[in-house]
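Visitor: In the working numbering, the protein residues as written are 398 to 1301.
I have a structure here, written as structure tokens, and I will follow up with some questions on it.
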């Protein structure tokens, strides 16, 4: 785990991968410090008819098809004539650190001859100010000897005169008051209303290598024309400076006393008459006589490359100014043309020019550039296919020339590299139960989608990282979605899941962010940790993540500095100060009402407190496993009791049979439940059932809530659990969550059912979801966000690898031999399957209700009968399929579970 300390990057992935934000293909990290990406996409099309451009921002005809977890191999299918009549299977495979092979399999399943084309499109992409925004143009500072530049973000401390809820949970892992800004050194500065209020303060510790006898301090900033800010300069220097806005980048100079060699402190404190729009780039200290030598120069990276002929005819080398290596391309096809597209986009411009056959340089709008290797025509007879190979590489000019010469003749290495890659892609599936084979194809496409939904660059913690995204439309961090990505990755590759989890925790003591937050504050990362522990029993994993997840927890439940989640006298949690969405369900009716009526200061949902309870229980188990953390255990017990009491005392609605949103007065005292204008409880939906997840419902409450889960007139629909009770007066058929079935909260309820020993209901949720997923994927080849109750059809983003990943968990639990699945209250101390998965020895601790049974699911190898014992006593089980067993275990605090095949 040491390589994960201090980073949020997916360090186990290669520098080549499907990282694009533009057109699907293969990408390379061209400059990690500057966040620059090289893309090579291969577009198929019909010769002199049309080109199909695989734009990742909308449905454009391509579908993720296969992928290995380490991304040494992946492929996508691009449909030219639906469905599988004419198509291109594009695959990429590793042949070394800096070599990626390309395979284009063109298939014609029609009775007519086809003329196809392939467009290799190479391009360089700079980071953006914000998601899908304009290019981030940065500067570098040039200084005379002895002078220093202090970046605005290199402060020791920054304090707003009036504390903000986000002071210690800055969005997207930014620094407090950080803004991303063009024409700034390193692309960031201080803003976000800093210096708007008197007393806003930022301090710096500066090291001077030599004394400045007659020092000048120059502050580089930006302010709208006509606005001004007065700052007091304090610390080891005393002065004041007025920053006058012109709408342009300016430098305000102030003379200060001589600065001696060594370390000293400077503070800037806002005085009266501030501005909400100040952006401070930083400041320099220099001898006054040399101040004119301080220069701010653009960081130049030219996305228009020099095209260098390769060492063989069918090759090309690209040299980009500002990039310290070159890129080489090699293709095994003799009829080609080299062209250039000067344009920011190809979706319109290239289609508009598909019939342009005269010029090799085509100029459109914008500063972008695409180098086009145009392979044409590629004739395909009826009912035939052809496979073309190629290669892309990076390195010095000499290295790239050598590699092109080495690979320019097709030989078995191409076939072998792709065979190895395809084997890896299949390896994570292991054996599948015979009854599960019907789901294999839909699982394959979801796995490929999850594994290839990686983008670069994403900016956080002053660095650029690779990041698993729920879909490329979300070119950003996303906390709760990425939690579910982690749960899905845990079924595909443990290391990928660990890195995904690590991306969202911060180092203990981080003063800017208790964890990485973007979007709904649903603490799924704790659930990912529990799943990973129960799969690995890794002490290293436990000791790395426990302090980081504890820091996350303390902020979530309002116990760490700056957190405002627990301000109500009822003791209930609410996260409205951090995002509008309490549980990820955008149009959940009571949540919408709270915001429309501006009630966020006085209304608390149920799920926030219930997640607080459950993650306290998870961390309690972890603390006991670590040992010598009795104070932590006592604290968790106290929190669990307090939150449980608050929920039960204030939220239960006996008439409705749901827990409700709780309304408070201005002093934070609870006054009743939030009700719809009809008088009904406004929380008739999954939020109202969340005490099942927390494990705090009484037996009577549990029976009523679980009854609703299986009632076709209430929460159960033909395609799974509806987010909102279908009998509620505010249920809608046309909503985003309201009227739809999503997978994530079904996963939470499924796990709760295992905790409560309700295996039939758990199996119903899983089997319905697997069938629904299979049907839609086989029809469309798409992996959707959600499903409409009214029609049963998929909707939302089409390459969704976020909240849909429970489908991978359900498949593994019921159909992948070698899988042990438990409820929330189980801590697995040992889990050992024999080779062939015909026996299991497990040691578990149980922290749930000792008077209740709980359930586990174990998927063994098929073709055998099994004997199951608990603490040496044979127990009866339910067989769900050939090799899959449901086991109800007594509520004993610990025990040994043994499963062994019965020899005939």
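All C-beta atoms in this analysis are idealised placements derived from N, C-alpha and C, irrespective of residue type, glycine included.
Because the structure is a prediction, the values reported are computed rather than measured.
Give the straight-line distance between the Cα atoms of residue 652 and residue 597, rounded to the nearest whole angstrom.
Guide: Counting from one through the chain shown, the residue named residue 652 turns up at place 255. Counting from one through the chain shown, the residue named residue 597 turns up at place 200. Their backbone Cα atoms lie some 22 angstroms apart in a straight line.
Visitor: What are the boundary residues of the beta strand (DSSP E) that includes residue 1101?
Guide: Residue mapping note: residue 1101 aligns to position 704 of the chain shown, counting from 1. Not the beta strand (DSSP E): residue 1101 falls in the alpha helix (DSSP H), residues 1096-1106.
Visitor: Could you pull out every residue in the same chain whose Cβ sits closer than 6 angstroms to the Cβ of residue 517, ignoring the five residues on either side in sequence?
Guide: Translated into positions along the chain shown, residue 517 becomes position 120. Result list for residue 517: 439 and 770, in chain order.
Visitor: Below 7 angstroms CB to CB, which residues in the same chain sit around residue 1309 once its five sequence neighbours on both sides are set aside?
Guide: Summary: the structure shown does not reach residue 1309, with the chain confined to residues 398 through 1301, and so no result is reported for it.
Visitor: Taking the alpha carbon of residue 679 as the reference point, which residue from 932, 1210, 1190 and 547 has its own alpha carbon closest?
Guide: On the chain shown, position 282 is the one that residue 679 refers to. Selected option, being the one with the closest Cα: 547.
Visitor: In the structure shown, what three-state DSSP assignment does residue 1032 receive?
Guide: The residue given as residue 1032 occupies position 635 in the chain shown. Note: residue 1032 maps to helix in three-state DSSP.
Visitor: Quick one: measure Cβ to Cβ for residue 968 and residue 912, integer angstroms, because I've assumed they're closer than 8 angstroms.
Guide: Position 571 of the chain shown, counting from 1, holds the residue named residue 968. Position 515 of the chain shown, counting from 1, holds the residue named residue 912. Not confirmed; about 22 angstroms, so no contact.
Visitor: Going by DSSP in three states, residue 756 sits in which element: helix, strand or coil?
Guide: Residue mapping note: residue 756 aligns to position 359 of the chain shown, counting from 1. The answer is coil: DSSP assigns residue 756 none of H, G, I, E or B.
Visitor: Taking its Cβ as the centre, do 16 or more other Cβ atoms sit within 10 Å of residue 446, making it buried, or is it exposed?
Guide: Working through the chain shown from its first residue, we reach residue 446 at position 49. Counting Cβ neighbours within 10 Å, residue 446 comes out exposed, since fewer than 16 surround it.
Visitor: Could you tell me the alpha carbon to alpha carbon distance between residue 1218 and residue 1234, rounded to whole angstroms?
Guide: Start at 1 with the first residue of the chain shown, and residue 1218 comes out as number 821. Start at 1 with the first residue of the chain shown, and residue 1234 comes out as number 837. So the two alpha carbons sit approximately 15 angstroms from each other.
Visitor: Going by CA-CA distance only, name the one from 427, 1106, 774 and 719 that's closest to residue 733.
Guide: For the purposes of this step, residue 733 is identified with residue 336 of the chain shown, where counting begins at 1. The shortest C-alpha separation from residue 733 is found at 774.
Visitor: Buried or exposed: residue 521, going by 16 or more other Cβ atoms within 10 Å of its Cβ?
Guide: As a first step, residue 521 is located in the chain shown; it is residue number 124 there, counting from the start. Flag for residue 521 reads buried.
Visitor: Near residue 458, which residues of its chain fall below 6 angstroms by C-beta distance, leaving aside the five closest residues on each side in sequence?
Guide: Taking the first residue of the chain shown as 1, we reach residue 458 at position 61. Closer than 6 angstroms at the Cβ level, and outside the excluded window around residue 458, lie 449, 475 and 476.
Visitor: Measure the beta-carbon distance from residue 948 to residue 903 and round it to whole angstroms, keeping in mind my assumption that it falls under 8 angstroms.
Guide: Here residue 948 corresponds to residue number 551 of the chain shown, with the count starting at 1. Here residue 903 corresponds to residue number 506 of the chain shown, with the count starting at 1. The Cβ separation is near 7 angstroms, so the contact holds.
Visitor: Under 7 angstroms Cβ to Cβ from residue 779, same chain only, skipping five residues before and after it: list those, please.
Guide: Position 382 of the chain shown, counted from the start, is the residue given in the question as residue 779. Excluding residues within five positions, the ones whose Cβ falls inside 7 angstroms are 505, 507, 508, 509 and 510.
Visitor: Quick one: grab the DSSP three-state call for residue 810.
Guide: Taking the chain shown and counting its residues from 1, the one referred to as residue 810 is at position 413. Reduced to three states, the DSSP call for residue 810 is helix.
Visitor: Could you please give the first and the last residue of the uninterrupted beta strand (DSSP E) stretch that includes residue 946?
Guide: The count along the chain shown starts at 1 and reaches residue 946 at position 549. That residue, residue 946, is in no beta strand (DSSP E); its alpha helix (DSSP H) goes 936-953.
Visitor: Could you tell me the alpha carbon to alpha carbon distance between residue 836 and residue 1008, rounded to whole angstroms?
Guide: Here residue 836 corresponds to residue number 439 of the chain shown, with the count starting at 1. Here residue 1008 corresponds to residue number 611 of the chain shown, with the count starting at 1. One C-alpha to the other measures close to 32 angstroms.
Visitor: Which complete alpha helix (DSSP H) runs does the region 1007-1080 hold, if anything under 4 residues is left out?
Guide: 1027-1047
Visitor: Using 9 angstroms as the threshold, is the C-beta distance between residue 817 and residue 410 below it?
Guide: Position 420 of the chain shown, counted from the start, is the residue given in the question as residue 817. Position 13 of the chain shown, counted from the start, is the residue given in the question as residue 410. Their beta carbons are not under 9 angstroms apart, which means residue 817 does not touch residue 410 by this criterion.
Visitor: Should the region 1194-1206 be regarded as contacting the region 854-868, the criterion being three or more beta carbon pairs within less than 8 angstroms?
Guide: yes
Visitor: Within the chosen definition, does the region 1170-1178 reach the region 829-848 through at least 3 CB pairs nearer than 8 angstroms?
Guide: yes
Visitor: What do you reckon, are the CB atoms on residue 423 and residue 436 nearer than 9 angstroms?
Guide: If you number the chain shown from 1, residue 423 lands on position 26. If you number the chain shown from 1, residue 436 lands on position 39. Contact: yes.
Visitor: Just verifying my parser: in three-state terms, what is the DSSP assignment at residue 490?
Guide: Locating residue 490 in the chain shown gives position 93, counting from the first residue. Residue state, collapsed to three classes: strand.
Visitor: Near residue 1132, which residues of its chain fall below 6 angstroms by C-beta distance, leaving aside the five closest residues on each side in sequence?
Guide: Here residue 1132 is taken as the residue at index 735 of the chain shown, counted from 1. The residues are 984.
Visitor: Could you round the C-beta distance between residue 1304 and residue 800 to whole angstroms and report it? I think they count as a contact, below 8 angstroms.
Guide: Nothing about residue 1304 can be reported from this structure: the residues present for the chain run from 398 to 1301 only.
Visitor: When burial is assigned at 16 or more other CB atoms within 10 Å of the CB, is residue 978 buried or exposed?
Guide: Within the chain shown, numbered from 1, the residue matching residue 978 stands at position 581. With 16 or more Cβ atoms within 10 Å of its Cβ, residue 978 is classed as buried.
Visitor: My output table needs one value for residue 656: the three-state DSSP class, helix, strand or coil.
Guide: The residue labelled residue 656 in the question sits at position 259 within the chain shown. The answer is strand: DSSP assigns residue 656 an E or B state.
Visitor: Can you name the start and end residues of the alpha helix (DSSP H) that residue 427 belongs to?
Guide: Here the question's residue 427 lines up with position 30 in the chain shown. Careful: residue 427 lies outside any alpha helix (DSSP H), inside the beta strand (DSSP E) at 422-428.
Visitor: CB residue 633 to CB residue 685, shorter than 9 angstroms?
Guide: Taking the chain shown and counting its residues from 1, one reaches residue 633 at position 236. Taking the chain shown and counting its residues from 1, one reaches residue 685 at position 288. No, the pair does not count as a contact, with Cβ atoms beyond the cut-off.
Visitor: In terms of residues, what are the limits of the beta strand (DSSP E) holding residue 519?
Guide: As a first step, residue 519 must be located in the chain shown, where it is residue number 122. 511-522 is the span of the beta strand (DSSP E), which, as asked, contains residue 519.
Visitor: Where in the region 764-826 do unbroken runs of the alpha helix (DSSP H), each at least 4 residues long, occur, reported from the N-terminal end onward?
Guide: The qualifying runs are 794-804 and 809-824.
Visitor: By how many angstroms is the C-alpha of residue 553 removed from the C-alpha of residue 604?
Guide: Taking the chain shown and counting its residues from 1, one reaches residue 604 at position 207. Taking the chain shown and counting its residues from 1, one reaches residue 553 at position 156. So the alpha carbons of these two residues sit roughly 13 angstroms apart.
Visitor: Nearest-angstrom Cα distance between residue 1291 and residue 1242?
Guide: The sequence position of residue 1291 within the chain shown is 894, counting from 1. The sequence position of residue 1242 within the chain shown is 845, counting from 1. Distance between the alpha carbons of residue 1291 and residue 1242 is about 4 angstroms.
Visitor: Taking Cβ to Cβ, would you say residue 536 is nearer than 9 angstroms to residue 698?
Guide: In the chain shown, residue 536 corresponds to position 139, counting from 1. In the chain shown, residue 698 corresponds to position 301, counting from 1. Not a contact, by the Cβ cut-off of 9 angstroms.
Visitor: Kindly say whether residue 876, judged by its beta-carbon, lies nearer than 9 angstroms to any beta-carbon of chain B.
Guide: The question asks about chain B, but that chain is absent: this structure has only one protein chain.
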